[in-house]
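First up is the structure itself, then whatever we jot down about it.
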Amino acid sequence: MLFDIAQKIMLRMDAETAHDVTLSILKRSANTPVDKLYRQSLKYKPIELMGLHFPNPVGLAAGLDKDGEAIDAFHAMGFGHVEVGTVTPRPQSGNQLPRLFRLQETKAIINRMGFNNLGVNNLKENLLAKKSAILVGVNIGKNKDTPIEKGKDDYLLCMEHIYSVSDYITVNISSPNTPGLRTLQYGDQLDELLYHLKQKQSELSDKYDKYVPLSLKISPDLSAKEISAIANSLLHWKFDAVIATNTTVDRNALSNHPHSLESGGLSGAPLKKKATQVVKTLKSHLGDEIPIIAAGGIMSAEDATEKFSAGAKLVQIYSGLIYQGPKLIKQITDCYESAD
Numbered sequence: 115m116l117f118d119i120a121q122k123i124m125l126r127m128d129a130e131t132a133h134d135v136t137l138s139i140l141k142r143s144a145n146t147p148v149d150k151l152y153r154q155s156l157k158y159k160p161i162e163l164m165g166l167h168f169p170n171p172v173g174l175a176a177g178l179d180k181d182g183e184a185i186d187a188f189h190a191m192g193f194g195h196v197e198v199g200t201v202t203p204r205p206q207s208g209n210q211l212p213r214l215f216r217l218q219e220t221k222a223i224i225n226r227m228g229f230n231n232l233g234v235n236n237l238k239e240n241l242l243a244k245k246s247a248i249l250v251g252v253n254i255g256k257n258k259d260t261p262i263e264k265g266k267d268d269y270l271l272c273m274e275h276i277y278s279v280s281d282y283i284t285v286n287i288s289s290p291n292t293p294g295l296r297t298l299q300y301g302d303q304l305d306e307l308l309y310h311l312k313q314k315q316s317e318l319s320d321k322y323d324k325y326v327p328l329s330l331k332i333s334p335d336l337s338a339k340e341i342s343a344i345a346n347s348l349l350h351w352k353f354d355a356v357i358a359t360n361t362t363v364d365r366n367a368l369s370n371h372p373h374s375l376e377s378g379g380l381s382g383a384p385l386k387k388k389a390t391q392v393v394k395t396l397k398s399h400l401g402d403e404i405p406i407i408a409a410g411g412i413m414s415a416e417d418a419t420e421k422f423s424a425g426a427k428l429v430q431i432y433s434g435l436i437y438q439g440p441k442l443i444k445q446i447t448d449c450y451e452s453a454d
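Numbering (our numbering), first residue to last: 115 to 454.
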C-alpha cells in the first residue's frame, strides 16, 4: 500500500530525479524509526558462495546505489547482499541529461548514465560508515577519459582502494555506456585483464590477510561462441564468480514506445529471456566450477526461479525493485524456500 502510493508519486517525476529523491530518503531514514516503513523480516535461507555466507539468495544489482549511500536501508528491506557502484578511480559526472528513461508499459528502463559516481575514495568512506553487517560487493570500472589500452590500471587502482572494505569485487567490462569498454570481453584483452586482476588479488590478499573474491559481469549481447571463450578464460584464471548479465543494446524485445530508440542499456522485463539464455550457456561450460549470479529481467518470483533452474546460485534485482517494490525480495526468498 505504502509502496503503491510512493510509486505513483515517483512515476510522475523525471526518472533520474525520482531515483535521486528515493536514494536521499533511504539514506536519511536508515537506522531510524522511519525505516520500519520498508523494513522486512525474511525467512533465513543461507547460501554459501565464493567463501561467503549469504542469508538469502536475493541481492541488489549494481547501478542503483553507485556511491554506497543507502546500504543500511537496503539491508532493512531484506536484501541478502548489496552490490554498489559502478565506481571509478576519479569522480565523474557521467553522460549528458536526459540519460534515464522508464518504459512503464513494458516494465523496462533504458539508461546511458555513463558511470556517474563520486569516486572510489568517497565510496570507501561510505563503506566504512555503514552500520549493518550486510555483505557488500563493489562493482568497479574505468574512467571515461582513460584510454581503453590503459583500462586495467583503473581497475587495479579501484581494487587497491576498496579491497579491505569489500566482501567481493565485481569487474564491470560490459556496460554499453562507456565507449570501448565491451572490447575488454574478448581475446587477449580479456586474458591480460584477468591475469593482472588475479595478480593484484593475490598481492592484496597477502597484504590484508583477507581473500576477497572476484566476479566478472558480462553482457547479454554475446554469441554462444563468445560466452564459451569467456567461460574458458574464467576457468583458466580461476575467477570466483560471474554475473550474467548487464543491460542490452538489443531492442528486438521492445514494443513500439516513445523511448524505444533511445541509446543506452535496456533492463527490465524485455531482458529476461536473453539473460536467462546467457546463464544457461555459462552453466553448460562452467558446471559447478564457477558460480553464476543472475541479473536481468527478474520481475517476479517466477522469473527468479527460471534463473535458478538455468543454473544461477544467486539473483540480483534492479528494475524489478523499481516496478514491484521491496515485496519482490520476500516473494523470491519465499519461493526459493519452497523450491529447495
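All C-beta atoms, glycine included, are put in the ideal place defined by N, C-alpha and C.
Listed in chain order, the non-local C-beta contacts of residue 225 below 8 Å within the same chain comprise 177, 213, 214, 215, 291, 361, 378, 379 and 381, local neighbours out to five positions each way being set aside. Where residue 215 is concerned, the enclosing beta strand (DSSP E) starts and stops at 214-217. When the five nearest sequence neighbours on each side are left out, the beta carbons in the same chain lying within less than 7 Å of the beta carbon of residue 158 are those of 169, in order along the chain. Residue 316 sits exposed, since fewer than 16 C-beta atoms from the chains shown fall within 10 Å of its C-beta.
A direct Cα-Cα distance of roughly 9 Å separates residue 335 from residue 359. In this structure, DSSP gives residue 408 an extended state, which the three-state scheme calls strand. Bounds of the beta strand (DSSP E) holding residue 167 are 166-168. Between the region 397-404 and the region 369-376, the count of Cβ pairs shorter than 8 Å is below three; the stretches do not touch. Restricting attention to 438, 184, 206 and 392, the CA atom closest to the CA of residue 420 is found in 392. Here the alpha carbon of residue 221 sits roughly 11 Å from the alpha carbon of residue 412. Listed in chain order, the non-local C-beta contacts of residue 137 below 7 Å within the same chain comprise 179, 183 and 184, local neighbours out to five positions each way being set aside. Per the Cβ contact rule, the region 245-254 is in contact with the region 268-286 (3 or more Cβ pairs under 8 Å). Your pair residue 410 and residue 386 checks out as a contact, with CB atoms roughly 7 Å apart and the cut at 8 Å. Residue state for residue 197 is assigned as strand, using DSSP reduced to three classes.
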